[in-house]
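Q:
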Amino acid sequence: MRGYVLRRLFQSVLVVWAVTSIMFLMFRVMPTDPTAMLMDRGMTEAARDKLLEDWGLTGSLWDQYVAYIGNLMRGDFGNSFFHRKPVWEVLGPLIVNTLWVAVPGLLLGAVLGSGLGVLVGWAPRGGKTERIGIFLATIIRGVPGFVIGIALLAVFSSALGWFPAFGMGSVDADQGASRYLTLDFLHHLALPLIAVAIYFLPENLLLMRSGVVENRTEDYVELVRAKGVSQSRVAWHTARNSLLPLITWLFPALAETIAGIVVVEIVFSWPGVGRELVLAVTRQDYPLTQSAFFLLAVMIVLANLAADLIYGKLDPRVVYK
Amino acid sequence: MGALAKLNERLRAKPAAHMLVERLSIAYQTPRGPFRAVDDVSFEVAAGATLGLVGESGCGKSTVVKSLMGLLPEGTSVSGRALLNGTDILGLSERALSDVRWTKIALITQSAMNSLDPVYCIGDQITESILAHERVSKAVAWARAEQMFEIVGLPGSRLTEFPHQFSGGMRQRAVIAMALSLNAGLLLADEPTTALDPIMQDQIMSRIRSIHADMRRSMILVTHDIAVVAETCETIAVMYAGEVVEAGPTAQVLQNPRHPYTMGLQNAFPKLPVRGQSRMPLISIPGTVPNLLHPPVGCRFAGRCPFATDLCRSEAPAKLSNSISQSAACHYQDRASEFRAIAQKASTWRHKDG
Amino acid sequence: MRLVMKDSFVAMGVAILLFFIVIATFATVLAPYGPYEVMMTEAGRLDRLARPSFEHPLGTTAYGNDVLSQFIHGSRVALIVGLVAAVAVGFVSTVFGVVAGYFGGLVDDVLMRITDVALSIPTLPFAIVAVSLLGPSVQNIILVISILFWRNGARIIRSAVLTERERIYVKWARAAGASHFHVILHHILPNIVRVIFLWITMSVAFAILAEASLSFLGLGDPTVISWGQMLNTAFSSGSLRTAWWWVVPPCIALTLLVSSLYLIGRGFEEQTNPRLRRY
Amino acid sequence: MDKTPPSPTVIEARDLKTHFQARSSLIGALAGRQPRAIRALDGVDLAIRRNEIYGLVGESGSGKSTLGMSLVRMYEPTGGEVHYNGENITHVHGKALKDYRRAAQIIFQDPYSSLNPRLTIGQIIEEPLKIHRIGDAAERQRRVEKALELVRIPAEENLHRYPSDLSGGQRQRVAIARALVLEPQFIVADEPVSMLDVSIQASVLEILDDLSRDLGLAVLYISHDIATVGYICSHVAVMYLGQIVEEGTAEDILTAPQHPYTQRLMAAIPSIVPDENRERVELKGDVPSPLDIPPGCRFSSRCPYATELCTTVEPQLVPTAEAHRVRCHLYDAEAVATHPSLEPPTSQAA
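Chains as they are written, first to last, in this note's numbering: chain B, 7 to 327; chain P, 1240 to 1593; chain E, 7 to 285; chain R, 312 to 661.
(1) Looking only at DSSP bridge pairs, what is N71(E) linked to?
(2) Counting Cβ pairs closer than 8 Å, one from the segment 115-130 of chain E and one from the segment 297-309 of chain B, do we hit at least three?
(3) In chain order, what are the residue ranges of uninterrupted alpha helix (DSSP H) at least 4 long that sit wholly in the segment 324-407 of chain R?
(4) Per DSSP, what kind of secondary structure is L477(R) in: helix, strand or coil?
(5) Ordered along the chain, which non-local residues of its own chain (more than five positions away) have a Cβ less than 8 Å from that of Y532(R)?
(6) With the cut-off set at 9 Å, would you say M1458(P) and C1472(P) are in Cβ contact?
(7) Ends of the beta strand (DSSP E) at S1316(P)?
(8) Is E450(R) helix, strand or coil by DSSP?
(9) Taking the alpha helix (DSSP H) that M1454(P) falls in, what are its first and last residues?
(10) Determine whether the beta carbon atoms of L212(B) and T144(B) lie at a separation below 9 Å.
(11) Under 9 Å between C-beta atoms, does A1416(P) make it to chain B?
(12) So with CB distances below 7 Å, who are the chain E contacts of S236(B)?
(13) Excluding sequence positions up to five away, which residues of its chain have a Cβ less than 7 Å from the Cβ of A661(R)?
(14) Using the C-alpha atoms, what's the distance from P630(R) back to N644(R)?
(15) Roughly how many angstroms separate the alpha carbons of A561(R) and R350(R), rounded to a whole number?
(16) Going by other Cβ atoms of all chains shown within 10 Å of its Cβ, with 16 needed for buried, is H186(E) buried or exposed?
(17) At the level of alpha carbons, what is the spacing between I432(R) and G107(E)?
(18) Starting from the C-beta of F1401(P), find all residues in its chain whose C-beta is less than 6 Å away, skip the five residues before and the five after it, and write them out in chain order.
(19) May I ask whether a heavy atom of the ligand PLP can be found less than 8 Å away from the beta carbon of A232(B)?
(20) Identify the contact partners of S1449(P) in chain R, using a Cβ-Cβ distance below 7 Å as the criterion.
(21) Any Cβ of chain R within less than 9 Å of the Cβ of F1578(P)?
(22) Roughly how many whole angstroms lie between the Cα atoms of A1547(P) and I1522(P)?
(23) Using DSSP with H/G/I as helix, E/B as strand and the rest coil, what is G266(B)?
(24) May I ask you to list the residues that DSSP assigns as paired with R636(R)?
(25) Are the beta-carbon atoms of I583(R) and K1510(P) separated by less than 9 Å?
(26) Can you find the residues in the same chain that come closer than 8 Å, C-beta to C-beta, to R200(E), ignoring five residues on each side of it along the sequence?
(27) Can you give me the Cβ contacts of A1418(P) inside the same chain, cut-off strictly under 7 Å, excluding the 5 residues immediately before and after it?
(28) Does the beta-carbon distance from F257(B) to N310(B) come in below 9 Å?
(29) With a CB to CB cut of under 7 Å and the five nearest residues on each side skipped, what residues in its chain are close to A1255(P)?
(30) How long is the line joining the alpha carbons of L320(B) and W255(B), rounded to whole angstroms?
(31) Less than 9 Å between CB atoms is the rule here; does V124(B) satisfy it with respect to chain P?
(32) What does M385(R) touch in chain E if you count any residue whose Cβ is under 8 Å from its own?
(33) I want to see whether chain R comes within less than 9 Å of A1469(P), judged by CB atoms only; does it?
(34) So with CB distances below 8 Å, who are the chain P contacts of Q512(R)?
(35) Is there contact here, the segment 145-160 of chain E with the segment 280-290 of chain B, by at least three beta-carbon pairs under 8 Å?
(36) For A21(E), would you say it is in contact with chain B, using Cβ-to-Cβ distances shorter than 9 Å as the test?
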């Protein structure tokens, strides 16, 4: 087991390295010249050279690459052009904000989605519940993330006035770490969190439903039913087995789910990594862009790693070698 | 007295069940109309007796089992009665069924990999059935499961293992152990050895026979193998295209079959040669089973029967009712001995092909 | 195919899709004004944020453009991006999926390692960065979307090929001396056509969503109007909460278009997966 | 039939071995770990003549299908030789292999997935002719019809039907027709009737029997059901864990089996006329994994007669009568002489 975890960790590091390298190439090989951006900032010659050197933009592509990877490994992400401070200082608190929306939002979506999926999966085939369930899930799945956000804003913020429209706290709110524990924060968190959950829910529902429908005609379910256990117990057997394909399916889908979080952060002006990435792109803040992208990629890799380990726990057939 | 001993005593006190099936008809709903999988089937299993339900694929034998367990897909139309100790168990609600399932009827399914839930250990799956019906602690249920494992010849220590760690034969034993766990009055064994190799098949069937001899539960053995029935069951019911075509005491039916289908089945059944004896050729039954979406008007076997007449093709013979003596659903039962002699010749069955 | 059409959801999806195709095809005829034509009031002032009226059935934007005309023209980008990207994705996915799934070995190993990495690339952030570096144009958006989504398709098609490859008639054909080309052409492809079609349908939806998101974030092609862009303008001009006539139509249109494709895709999925089929 | 001189040998296996590599991990390979070999087929000698149906019996995992696949070169053997009409074809490639594929055909167990559901019966049977570029359209049509006639399926009404319109028995006969259309000399029939209903098994067996006689085919009939073998085979070999443990004429094997495994296999066949006295020894455990073959006799781990000798020294195939060989120490005079603990089991028919 320990050997397996170590091997998977090693693989994850390799994947991060590969993603990082792709990103490196993307920024250097693409037609836009990053130095042009730097010069436009109206720096002195000396300051520009220093910045170029700081950023490892001197020397051959290979030299740059080595310097770049070296910096990353030392945890040195460089300085943000716009904020004029180390990237890490900018992004550090933003990661926390993003996780605040992403983790509970995705969990809520997954739990509600798979729960409803079991219900729809066990509904009579071709009946009302099944048809309505599938139809609604498919339609909601087709709603773009920003439309979910806009709709929530329109109803619960503009029309009903129940929730604030943007930001993470009221203007006079506490700025320290304790701010995350205030009611004011939760009030602001509610809508973005729900938006992420709604974005994530239909996919879960449909996958769980397919899994349950596939499983409910299996021989083992027939035997469980024959044993005379309660119906919820039977449903639980199918859900438990459908969870396995669900996990293998959902975690690759995370790469796409991040997209939902990015637009939700924008719509609700939620100060997270995704919003910062978009802002950095429009401001041509090249070190910040690179680092924000890097962080999002690392999140996916970590989630994938977690999924693999959870899968191993859930499926007795997996043997760790 | 320990809790386990109390449980064992309570379960041991259960009587063997009596099962009377009368005029059972089952039709699956398909987009192309009702599929009459079972048509007017009647049979009886006396308390402590074994009935062999034999037939080829698609004859409806497994559908009968499913209907008795309440496992038919929703929307399937069922008519007739299935009296378990005098109470009709057809068409019960899920709630009412849970009092019948496993406590009164237990099921031995075939041992394909899928008959056990892959993500739970075998012990959990056996105790699940005990805990669903008996108010005992988990430890007592587990101890009972260990005893059941012993009966089927598996070490109790392997209860903690998962289905994929078991061989096909061991899985089959585990399924049998599960079926025995509440000492139900009636055991339904649905093709219990089909997926296994010959030696394992034989060992499992021997095990089932000895368990039956010890516990005297009533049993319905569903199989396509007439020889397995010959070795295991007191009475036999031969099914063809959704109907029982011949029934009676096993030895009588197999030695002096009265229905041409039973005769054909015997001819087609491969046998081991006996040294010094010439042996019968293997003869197949020509033609194919009728489509049960549109069953023929007359006798369903008429299309393949070498003795069929116009009467057979226009009018269905009377359905078999419950009777202890041998009977066949054939217009020409009285000419059975004459048919038997001709049926042994290969040329008899060669007149048509399909 | 006929079986799929029997599904009323699929029929609904096809109807919606056809509706938008008609709108896009005849956009120039249907739209009362040019997408960027500036409307003036009779007083000669910019007719901004006008409520729906007979003249402007969907009102005007904050910059005095007719919403209905923008809406009708916007359908073109969605469909063009969707279709072109999907065809590109479908083609590349099929080639890679079939080659990797059928031959296995090194090609397969390499492909699977590439997908492992590719699946860790956050889709939209990658698209944002790539489009901003390449320059925002419809061609570049299509290019980026194709780069992103071929990997998923290749994986799905590969696994379909893996099951087909194990069919006994495939083994038999090899034993009878058939070439790989013959086997792929006669036994593999005809049996995975539905999976490919399913994947192309889904790709259209993904591509439309990606384009809309990019445009909404302000990274769309500035020379062509799209629904995402309409929303971006509404959002950045602060009219999101007031001018419902400007916001609602593109929101609903995007949802309907993408959902219609998912509805069609679902129909296919229920048919291609034998374990989901009802009979 | 016994009077005629023996027909020429069509296919022959000499000490044939087919081992598969268990897939090893990259890290394992770097650490220098040897990948484990699955010894699916481990030294088999066998010869099939013209006009002969040779029965091959064994349980799952015994290697009987691997032998069939190796003989038609679906697998390339890892050791030993395969000779076709006296020619070594063990490792041929390219054109020579394609020529061999024309002469050696295989029929599989599952009649449902052995035919492509998207092709008509006519197209299915024509396919091999197209693969080998034989004849023009008219010629191919003629051959397809002839092949269908051989398996007693009326061509007229069936050419344009799809496999889903046919019953299991008909499909299996179409599969035979597809094999016959190339006019092969050797056919492997891998469990051709085990998925069919009992009532129609005979029709397929009968066709195989007729074909071998009329067309002079050499047929390897693979089955786990030893009872069907008796009806069509002249010779029978019994396999256990990749080796032949007993071989001889069908008559000898079926009425007087000698190897304890064969005896157990026969005792396992239920009979319509129950014989209460039939002795059935319970075998211990399951067939060992071919990854982990026990030392000595491969059956020793389950054999009720096993002695210490059996668990240490591997027995050889020894002749016990004319054309009857058994791989068991009990029948090896030398072994019995030196190991008095060996006590031969009584033969079934005795």
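By construction, the Cβ of each residue, glycine as well, lies at the ideal position given by its N, Cα and C atoms.
A: Based on what the coordinates show:
(1) As a first step, residue 71(E) must be located in the third sequence, where it is residue number 65. DSSP output for N71(E) lists V44(E) as bridge partner(s).
(2) Counting Cβ pairs under 8 Å, three or more are found: they touch.
(3) Entirely contained in the segment 324-407 of chain R, the alpha helix (DSSP H) runs reaching 4 residues are, in chain order, 337-341 and 375-382.
(4) For the purposes of this step, residue 477(R) is identified with residue 166 of the fourth sequence, where counting begins at 1. DSSP, read as helix, strand or coil, puts L477(R) in coil.
(5) As a position in the fourth sequence, residue 532(R) is number 221, starting the count at 1. Excluding positions up to five away in sequence, the list reads I364, Y365, G366, L367, A500, P503, L519, V540, I543 and C544.
(6) Residue numbering aside, residue 1458(P) sits at position 219 when the second sequence is read from its first letter. Residue numbering aside, residue 1472(P) sits at position 233 when the second sequence is read from its first letter. Their beta carbons are under 9 Å apart, which means M1458(P) touches C1472(P) by this criterion.
(7) Position 77 of the second sequence, counted from the first residue, corresponds to residue 1316(P). Taken as a continuous stretch (DSSP letters only), the beta strand (DSSP E) holding S1316(P) covers S1316 to L1323.
(8) Your numbering for residue 450(R) matches position 139 in the fourth sequence. Note: E450(R) maps to helix in three-state DSSP.
(9) Position 215 of the second sequence, counted from the start, is the residue given in the question as residue 1454(P). Residue range P1437 to M1454 is occupied by the alpha helix (DSSP H) that includes M1454(P).
(10) Along the first sequence, one-based indexing puts residue 212(B) at 206. Along the first sequence, one-based indexing puts residue 144(B) at 138. The criterion of a C-beta distance shorter than 9 Å is satisfied by L212(B) and T144(B).
(11) In the second sequence, the residue the question calls residue 1416(P) occupies position 177. So, not an interface residue.
(12) Start at 1 with the first residue of the first sequence, and residue 236(B) comes out as number 230. Below the 7 Å Cβ cutoff, chain E contributes no neighbours of S236(B), its closest Cβ being approximately 25 Å away.
(13) Residue mapping note: residue 661(R) aligns to position 350 of the fourth sequence, counting from 1. With a pLDDT of 34 at A661(R), under the threshold of 50, the predicted position of this residue should be treated as unreliable, though the coordinate-derived value follows. Here the set comprises nothing.
(14) In the fourth sequence, the residue the question calls residue 644(R) occupies position 333. In the fourth sequence, the residue the question calls residue 630(R) occupies position 319. Note on identity: in this sequence residue 644(R) is Ala, with Asn being the wrong assignment. Their backbone Cα atoms lie some 10 Å apart in a straight line.
(15) In the fourth sequence, the residue the question calls residue 561(R) occupies position 250. In the fourth sequence, the residue the question calls residue 350(R) occupies position 39. Each residue's Cα considered, the two are about 27 Å apart.
(16) Counted from its first residue, the third sequence places residue 186(E) at position 180. Classification of H186(E): exposed, given that the 10 Å Cβ count is below 16.
(17) As a first step, residue 432(R) must be located in the fourth sequence, where it is residue number 121. As a first step, residue 107(E) must be located in the third sequence, where it is residue number 101. Distance between the alpha carbons of I432(R) and G107(E): 28 Å.
(18) Walking along the second sequence from the start, residue 1401(P) turns up at place 162. Excluding the 5 residues flanking it on each side, F1401(P) has same chain C-beta neighbours closer than 6 Å at C1360, in chain order.
(19) No copy of the ligand PLP occurs in the structure displayed, which carries no ligand at all.
(20) Position 210 of the second sequence, counted from the first residue, corresponds to residue 1449(P). Within 7 Å Cβ-Cβ: nothing; S1449(P) doesn't reach chain R, min ~11 Å.
(21) For the purposes of this step, residue 1578(P) is taken as the residue at position 339 of the second sequence. Chain R, which has no Cβ nearer than 9 Å to the Cβ of F1578(P), makes this no.
(22) Position 308 of the second sequence, counted from the first residue, corresponds to residue 1547(P). Position 283 of the second sequence, counted from the first residue, corresponds to residue 1522(P). Spanning the two alpha carbons is a distance of roughly 18 Å.
(23) Counting from one through the first sequence, the residue named residue 266(B) turns up at place 260. Correct three-state label for G266(B): helix.
(24) As a working note, residue 636(R) is residue 325 in the fourth sequence. BP columns for R636(R) point to E558(R) and P630(R).
(25) Here the question's residue 583(R) lines up with position 272 in the fourth sequence. Here the question's residue 1510(P) lines up with position 271 in the second sequence. Yes, the Cβ-Cβ distance between I583(R) and K1510(P) is below 9 Å.
(26) Reading the third sequence from its first residue, position 194 is the one you call residue 200(E). So the qualifying residues of the chain are F274, Q277 and T278.
(27) The count along the second sequence starts at 1 and reaches residue 1418(P) at position 179. Only A1345, L1346, I1347 and L1426 meet the Cβ criterion.
(28) Along the first sequence, read from residue 1 onward, the residue named residue 257(B) stands at position 251. Along the first sequence, read from residue 1 onward, the residue named residue 310(B) stands at position 304. In this structure, N310(B) lies closer than 9 Å to F257(B) by Cβ.
(29) As a working note, residue 1255(P) is residue 16 in the second sequence. Close CB contacts of A1255(P) within its chain, under the 7 Å cut and outside five residues either way in sequence, are with A1286, G1287, G1424, R1455, R1456 and S1457 (chain order).
(30) Taking the first sequence and counting its residues from 1, one reaches residue 320(B) at position 314. Taking the first sequence and counting its residues from 1, one reaches residue 255(B) at position 249. Distance between L320(B) and W255(B), taken at the CA atoms: about 15 Å.
(31) The residue you call residue 124(B) lines up with position 118 of the first sequence. V124(B) does not count as touching chain P.
(32) Taking the first residue of the fourth sequence as 1, we reach residue 385(R) at position 74. What M385(R) touches in chain E: K177, R180 and A181.
(33) Stepping through the second sequence from its first residue, residue 1469(P) is reached at position 230. It does; some Cβ of chain R falls within 9 Å.
(34) By 1-based counting over the fourth sequence, the position of residue 512(R) is 201. For a Cβ distance threshold of 8 Å, residue set A1507, P1509, L1521 and S1523 of chain P lies close to Q512(R), ordered along the chain.
(35) Verdict: no, contact absent.
(36) Mapped onto the third sequence, residue 21(E) falls at position 15. Judged by the 9 Å Cβ criterion, A21(E) is not in contact with chain B.
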